[in-house]
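Protein chains in written order, with the UniProt record's numbering: chain Z, 1 to 317; chain R, 1 to 587.
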Amino acid sequence: MSTYITKRILYMIIILFAASFLIFCLYALTPGDFITGNIKLTPERKAELREIYGLNKPVVERYAIWMKNAFHGDFGYSLSQQKPVLTLFNQYIWNSFLLAIVSTFLTWLIAVVVGVIAAYKQYSWFDTIVMVALFAAMSIPSFFIGLFLIKIMAVDWKWLPPGGMLTTGSTATGFAYVKEVVHHMMLPVMVMTLLGVGSLTRYFRSNMIDVIKQDYIRTARAKGLKERKVLFTHALRNALLPAITLVGFELPALFGGSLIIEKIFNWPGIGQLYMQSFGLRDYPLLMGFTLFIAILTVIGTLVSDILYHVADPRVRL
Amino acid sequence: MKKRIVTLSTAILATSLLLAACGNNANDNAGAGNSANANQPAGNNPANTAANDGAAADPASGASGLVVASDMSKLPDVAKQRTDTIIVGLTDPSGAFTPYFQQSGYDGNVSGLLYTPLIKVDDKGLPTPGLAEKWEVSADNLTYTYHLRKDLKFSDGTPLTADDVAFTWTILYDKSYDGDSLVNTLNVKGGDAYKAGTATSVSGIKVIDPQTISVTLEKPNASALTVLGSDVLSKAYYGKDYKQGQLDYMKKLSGSPLGTGPYKLEKFIPGQEVRMVANENYFDGKPKTEHFIYKTAQGDTWQYLETGEVDYASFSATKENIDKLKAMGFVNILPYTPSNYGYLQLNLKHPALQDKLVRQALTYGLDRQSIYVDAAQGAGQIANIPSSLISWSYTEDGINPYKFDPEKAKQLLDQAGWKTGADGIREKDGKKLTIHYLGSKKPETDVFIAVAKEDFEALGIKFEPEVFADFNALVSKVEGGDYDMAAFSTSLLTDPADGLLQFIDGEIPGYDDPAFKELYAKGLATSNIDERKAVYKDIYKLLNDQLPVIFTSYKKNVYAYNGRIQNLSVSPFNGIAPSLPSWSLSQ
């Protein structure tokens, strides 16, 4: 086990190096840089600023400088926001994380429960209704459903706030603050859950259907075990195994923010920040964030491999 | 999850134009200007709404085109509950609130309230007193002397003197200064030596007494008065760690501004709000409304205005938008024209476009009325000179309007020697006349391409459009030189010279006209407005004839604000900052 992990970590480092170089080149080759878009500047001043920011150096040299700083824990300084990149991550990522963790939890909960029931009662009216509803939920574009809910719930009925994370100007603290945030996150969480729940439910349903047909389920039933025990202890555990791979992929998504949802609901998350920075070619922030997601992805796959081992004794590492 | 990764990449492709430098005018264009000059007292019953459009215009409101809220009873409770707070939406302030040391125009909007310039400009762009109560310009137009008001204070109560002004100008000449202030382009005497590190102060800046400061330039520049007459940084606060050539420390102070504006920063919540509180040390008296909040509003601002979460928002003046705003009932609608102009940059390095006749033919042959006015629902206005519509220098006298005239265009092309070839495309010396057009992805670009393709092909010109996902990509392609025509708009202009800068500083490669250069220098050589007016008139006539770029249009927008706000006005050059201290909430 420990030799396996050492080996994996070694691979991870190599992969991350390659990824960092790729990320750097990708951004360095995107047309335009931070200075290009500022129409107020004269060509002379543009040249001066490129000199100050080091944007006129060759790509390889810039990469080397960037990596050197990254190893010292310095991911650079956002040009447009005038703050260290890590400070900005800290200010924005947790907001995205809050939305993602709640909606992911709800998505999985609903998907497992509904998936299991739908599989157990395959082709029943419940199953049919659920499948139709899921397809509908999967096919609606997120911006449409988002704006639609804002129109209905916030503008017309005034039940929920139309966006943001706090009531503007609010000085709430403690429990009142929590209540306010919960109130504001209802709409975005609703939309995110609705969009995510479709594919996951179908995934669990089909896994469950496969497992229910296995011999060991028949054996369990033949032994006279209660149906509930058969379903939730024997069948569900085996049906969940392949989902562990998904857990690994969830990790970057938890911190990566959601561009469209955050934009529609004016949520102060990292996805929005990334989007603006892209338009402005704020390279330090873009590279820092992309690398951060790369690191999380690599860690996520490692975690899911280890989880496999924990959950399923047949998997040897 | 997979789904989210997919949406991420599509959203990147769909990135719309993000104009960092353009501050609050990113969402502009089009509209029904003064289609409605109706005026009604606030707080009326809904039955009057329909009559509004036909009602005779009140002369007072007719001038500004203000449409007053028709039914204040529709005001949402959320807004009613606020008694000492005004909330305005702002796309994306980033938290860098030190003037001169910020990169985003949105931060500029915030610091515009936290600081007061030495000299403000009025609605025509003419200088009026700010922190400086008066100023003098020497006879040779080289030395500017500013006289500060008495007893000026920063928001923490410390006094503001000429030393602070000198400090502010000096650090802008530091070699590590990386902002986009124009002060360091003014050639203040001794500025270069300071930048090079061979002098320890800028010799042209002289503190005469605590209330008086003068600055001497190497060559006259009439825009210097307002460019230098900008915000003042406290030397005691911003200068305590300053060493020549080392301005890095300023970044640490960007989140804790110390200013002289009507408001001071209370709290910045990243991605959410900038909370401000009235500054009791403001030279013109403490503002009437205690709290002011800029709320970050990334996407659509409609829902926030509709639910009363913001009190003020800006929209493009399309008929559709105006109708929707009128239907809300509780907002006043104020039309305005941003102080910039749109143009099509032409690649003057290409032989065909070097010919003035061809450039004129392109202008005559392009139906600008359809593209910029009609497609934009009625309003908008055609531009023919490099000046903003609201500037004191704007004129139509002696200016060729280049009314859409395909016959005239064909005639000019014939005259220039471009003859129609066998395939219907004009050629000269074996070369075909093609226009490779670059635009950035937005609805207006689609309209332009549709109309221009038809118009140019009717003239026998091959039109090849190319659209870019975002503005940065477009600019870098233009800088690469592989284009014939590209759509741009200037940033917001204050002095008439600002709108001409691009013809002088090499931004439009291939344009080099001694007559223009002479006039440009003449326009900056005097501070007398009447003399300058005459010079700019000549310049506009010249450029209107030469057409180094094709002038296209002015945008028309509207501000919509909660009908409870009293005394609101918007300066075309400084936005809400000048009138904000006197805003108050009725009821």
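Every residue, glycine too, gets a C-beta built ideally from N, C-alpha and C.
CB contact below 8 Å: residue i versus chain R
i                      : result
Z/I101                 : no
Z/I295                 : no
Z/I52                  : yes
Z/L286                 : no
Z/G169                 : yes
Z/V310                 : no
Z/T301                 : no
Z/G279                 : yes
Z/T36                  : yes
Z/P188                 : no
residue 332 of chain Z : Shown here, chain Z extends from 1 to 317; a query on residue 332 of chain Z therefore has no answer.
Proximity test, Cβ basis, 8 Å: residue i and chain Z
i                      : result
R/S584                 : no
R/K251                 : yes
R/A313                 : no
R/A56                  : Note that R/A56 scores a pLDDT of 33, beneath 50, so its modelled location is shaky; the value from the coordinates is reported in the next line. No, R/A56 lies away from the interface with chain Z (no Cβ there is under 8 Å from its Cβ).
residue 590 of chain R : There is no way to answer for residue 590 of chain R, as the model of chain R reaches only from 1 to 587.
R/S254                 : yes
R/E309                 : yes
R/T185                 : yes
R/A42                  : Since pLDDT at R/A42 reaches only 31, below the 50 mark, its modelled position is unreliable, and the value read off the structure follows with that caveat. Not one chain Z Cβ lies under 8 Å of R/A42.
R/A30                  : For R/A30, the predicted structure reports a pLDDT of 29, less than 50, and the residue's modelled location is therefore unreliable. A value from the coordinates is still provided. Cβ-Cβ to chain Z under 8 Å: no for R/A30.
R/Q103                 : yes
R/D192                 : no
R/S339                 : no
beta-carbon residue i near the ligand FAD non-hydrogen atom, thresh 7 Å
i      : result
Z/V112 : Summarising the ligand content, the structure contains no ligands, and the ligand FAD is consequently not present.
Same chain, Cβ closer than 7 Å to residue i, neighbours up to 5 away in sequence not counted
i      : result
Z/V191 : S142, I145, G146, L149, I261
R/I171 : Y177, Y242, L247
R/V277 : Y263, K264, E266, E290, H291
R/N221 : L186, L524
R/K410 : L459
Z/R202 : L134
R/L126 : W392, I529
Z/T301 : G248
Proximal residues to residue i (C-beta, below 6 Å), its chain only, five neighbours per side dropped
i      : result
R/T216 : L142, T143, K189, G204
Z/N56  : R50
Z/S304 : I244, T245, V247, G248
R/G112 : A577
Z/D127 : A118, K121
R/K175 : K195, G245
R/I87  : I293, K295, V310, D311
R/L118 : G130, L131, A132, Y146, G229
Cut-off 8 Å between Cβ atoms - residues of its own chain near residue i, not counting five sequence neighbours on either side
i      : result
R/A416 : D355, L357, V358, A361, K428
R/L90  : N24, Y106, N109, V110, V274, Y294, K295, T296, A297
Z/L286 : Y27, Y274, S277, F278
Z/L280 : F34, G37, L79, S80
Z/V189 : L99, V102, S103, L106
Going along the segment 277-305 of chain R in order, which residues come within less than 9 Å of chain Z, judged by CB to CB distance?
Within the segment 277-305 of chain R, contact with chain Z at the beta-carbon level (separation under 9 Å) is assigned to H291, I293, K295, T296, A297, Q298, G299, D300, W302, Q303, Y304.
Hey, is the segment 535-554 of chain R in contact with the segment 312-325 of chain R, meaning 3+ C-beta pairs nearer than 8 Å?
Too few Cβ pairs lie closer than 8 Å, so no.
Given a limit of 9 Å on CB to CB distance, which residues of the segment 150-165 of chain Z reach chain R?
Cβ contacts with chain R: I150, K151, A154, V155, K158, P161, P162, G163, G164, M165.
Only counting runs of 4 or more residues, tell me where the alpha helix (DSSP H) segments fall wholly within the segment 42-90 of chain Z, in order along the chain.
Taking only runs of at least 4 residues, the alpha helix (DSSP H) segments lying wholly in the segment 42-90 of chain Z are 43-53, 59-71.
Unbroken beta strand (DSSP E) runs of length 3 or more, entirely within the segment 163-234 of chain R: which are they?
Restricted to the segment 163-234 of chain R, the beta strand (DSSP E) segments that are unbroken, complete and at least 3 residues in length are 205-209, 212-216, listed in chain order.
Contact set between the segment 466-480 of chain R and chain Z, restricted to residues whose Cβ is under 9 Å from the partner
Residues passing the 9 Å Cβ filter: F468, D470, F471, N472, A473, L474, V475, S476, K477, E479, G480.
Members of the segment 1-34 of chain Z that neighbour chain R once the beta carbon cut-off is set at 7 Å
Of all residues in the segment 1-34 of chain Z, only P31, G32 come within less than 7 Å of chain R when Cβ atoms are compared, listed by chain position.
Kindly confirm or deny that the segment 480-491 of chain R and the segment 172-187 of chain R touch, where touching means at least three C-beta pairs closer than 8 Å.
Flag = no, the segment 480-491 of chain R and the segment 172-187 of chain R do not touch.
Give, in chain order, every residue of the segment 38-49 of chain Z whose Cβ lies closer than 8 Å to some Cβ of chain R.
Residues N38, I39, K40, L41, T42, P43, E44, R45, L49.
Do the segment 466-474 of chain R and the segment 266-276 of chain Z touch if we need at least three Cβ pairs shorter than 8 Å?
Contact fails: fewer than three Cβ-Cβ distances are below 8 Å.
To be precise: take each residue of the segment 81-100 of chain R, compare its Cβ to all Cβ atoms of chain Z, and keep it if any distance is under 8 Å. Which residues remain?
The segment 81-100 of chain R vs chain Z, Cβ under 8 Å: R82, T85, I87, D92, S94, G95, A96.
Below 8 Å, can you find three or more Cβ-Cβ pairs linking the segment 68-84 of chain Z to the segment 82-101 of chain R?
Three or more beta-carbon pairs separated by less than 8 Å link the segment 68-84 of chain Z to the segment 82-101 of chain R, which places the two stretches in contact.
Would you list, in chain order, the members of the segment 498-513 of chain R that have their beta-carbon closer than 8 Å to a beta-carbon of chain Z?
Residues passing the 8 Å Cβ filter: L501, D505, G506, E507.
Determine contact between the segment 300-313 of chain R and the segment 511-527 of chain R, defined as no fewer than three beta-carbon pairs at a distance below 8 Å.
By the Cβ criterion, the segment 300-313 of chain R is not in contact with the segment 511-527 of chain R, since fewer than three pairs of Cβ atoms, one from each stretch, lie closer than 8 Å.
Which residue spans inside the segment 86-162 of chain Z form an unbroken alpha helix (DSSP H) run of at least 4?
125-139, 142-149, all fully within the segment 86-162 of chain Z.
At a Cβ cut of 9 Å, what residues of the segment 380-411 of chain R count as close to chain Z, listed as they run along the chain?
Result list empty, no residue passes.
Would you call the segment 59-76 of chain Z and the segment 222-242 of chain Z in contact, with 3 or more CB pairs under 8 Å?
Inter-segment contact for the segment 59-76 of chain Z and the segment 222-242 of chain Z is absent: fewer than three beta-carbon pairs are separated by less than 8 Å.
Closer than 8 Å, Cβ to any Cβ of chain R: which residues of the segment 79-97 of chain Z, in chain order?
If the cut-off is 8 Å between Cβ atoms, the segment 79-97 of chain Z has L79, S80, Q81, Q82, K83, L88, Q91, Y92, N95 near chain R.
Any alpha helix (DSSP H) of 4 or more consecutive residues that is wholly inside the segment 325-377 of chain R
Those alpha helix (DSSP H) runs which fall completely within the segment 325-377 of chain R and span 4+ residues are 351-354, 356-364.
Note down, in chain order, all residues in the segment 57-73 of chain Z with a beta-carbon under 8 Å from any beta-carbon belonging to chain R.
Within the segment 57-73 of chain Z, no residue places its CB atom closer than 8 Å to a CB of chain R.
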